[in-house]
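Q: Quick one: the structure is below, and I'll ask about it shortly.
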Amino acid sequence: MTPLDFDDPTVRQLRADLALALRAAAHHGLAEGVCNHFSIELPDGSGRFLLNPRGLMWSEVQAGDVVMVDAAGQRLAGRHAVEPTAMFIHAAIHRLCHQACVLHTHMPHATALTLTTARALDTTLSQNAMRFHGRTAVDAHYNGLALHAHEGERIAAALGGADVGFLGNHGVVVCGARIDHAYDDLYYLERACQAQVLAHASGHPLAPVDAALAQRVCEQTLGERVQSELFFEALRRTL
Numbered sequence: 002m003t004p005l006d007f008d009d010p011t012v013r014q015l016r017a018d019l020a021l022a023l024r025a026a027a028h029h030g031l032a033e034g035v036c037n038h039f040s041i042e043l044p045d046g047s048g049r050f051l052l053n054p055r056g057l058m059w060s061e062v063q064a065g066d067v068v069m070v071d072a073a074g075q076r077l078a079g080r081h082a083v084e085p086t087a088m089f090i091h092a093a094i095h096r097l098c099h100q101a102c103v104l105h106t107h108m109p110h111a112t113a114l115t116l117t118t119a120r121a122l123d124t125t126l127s128q129n130a131m132r133f134h135g136r137t138a139v140d141a142h143y144n145g146l147a148l149h150a151h152e153g154e155r156i157a158a159a160l161g162g163a164d165v166g167f168l169g170n171h172g173v174v175v176c177g178a179r180i181d182h183a184y185d186d187l188y189y190l191e192r193a194c195q196a197q198v199l200a201h202a203s204g205h206p207l208a209p210v211d212a213a214l215a216q217r218v219c220e221q222t223l224g225e226r227v228q229s230e231l232f233f234e235a236l237r238r239t240l
């Protein structure tokens, strides 16, 4: 396949969608200063991907701010710099986990759960949590900032084939084949984690459902993703 140019209509749409996801995350309280990263791989098999730039608040990112990089982390197009840890984490997950879209945040309630001994969401609690049943992985071994390629590769290995990775003492990674589906998962992951944190804070015993039911709810949710697409289009209209 011929490599896609930065200004190809397909790439322009991906840049717009990635920028929209970043602004939506800021709107929903999932951002953290100018840190954390969203990326989407180009659908041409080149290994290149689009990434948010260094130093911009997510609320201000537009399509023209998005940067294109190669699998080695070299900036190929775009007027902004790239943050180093973004390259090591995202490049490894794209390459080793074969995930097209990678969303990494330190969103508050999901990150709070990575600080517990369980490290992750209980996917047998809320209905929102059940959509992630069997889709999560835990990397319990925090090693500091991801400033080396081998650390990104270690995180990718811990993620494996999971769509959601809880990174101990750090944050989360949500992956998907499409930006709209991945963002929908990111949003509802934080909502599910928030509900679990609030339920714990009540002091009352929690009431999980049977694992088989949680699995059925997950299959029901993933069997029809139109709601995810409608949500993203609603964000496009309102943001």
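Going by the numbering used here, the sequence shown opens with residue 2, and the numbers climb by one from there. Where a beta carbon is used, it is the ideal one built from N, C-alpha and C, also for glycine.
1) Spell out the partners DSSP gives residue 67 in its beta bridges.
2) So, at 7 Å on beta carbons, what are the nonlocal neighbours of residue 116 in its own chain, with the 5 sequence-adjacent residues on each side left out?
3) Do you know offhand how far residue 101's Cα is from residue 72's?
4) With burial defined as no fewer than 16 other Cβ atoms inside 10 Å of the residue's Cβ, what is the status of residue 191: buried or exposed?
5) Within 10 Å of its beta-carbon, does residue 214 have 16 or more other beta-carbons around it, so buried, or fewer, so exposed?
6) Label residue 14 either buried or exposed according to how many other C-beta atoms from any shown protein chain fall within 10 Å of its C-beta, with 16 as the threshold for buried.
7) Leaving aside the five residues before and after residue 164 along the sequence, list all residues of the same chain whose C-beta is less than 6 Å from its C-beta, in chain order.
8) Assess, as a yes-or-no matter, whether the segment 119-134 is touched by the segment 32-41 under the definition of 3 or more beta carbon pairs within less than 8 Å.
9) What does DSSP give as the partner residue(s) for residue 52 in the beta ladder?
10) Could you give the DSSP three-state label for residue 142: helix, strand or coil?
11) Kindly give me the distance between the Cβ atoms of residue 184 and residue 233, rounded to whole angstroms, as I take these residues to be in contact under 8 Å.
A: Reading from the atomic positions:
1) For residue 67, no pairing in a beta bridge is given by DSSP.
2) Excluding sequence positions up to five before and after residue 116, its CB lies within less than 7 Å of the CB of 170, all in the same chain and listed in chain order.
3) Straight through space, the alpha carbons of residue 72 and residue 101 are spaced by roughly 13 Å.
4) By the C-beta density criterion, residue 191 is buried, having at least 16 other C-beta atoms within 10 angstroms.
5) Classification of residue 214: exposed, given that the 10 Å Cβ count is below 16.
6) It is exposed - the Cβ of residue 14 has fewer than 16 other Cβ atoms within 10 Å.
7) Taken in chain order, the residues that qualify are 136 and 176.
8) No: the two stretches stay apart, fewer than three of their Cβ pairs being nearer than 8 Å.
9) Bridge partners of residue 52: 40 and 68.
10) Note: residue 142 maps to coil in three-state DSSP.
11) Right, the Cβ-Cβ distance comes to about 6 Å (below 8 Å), so this counts as a contact.
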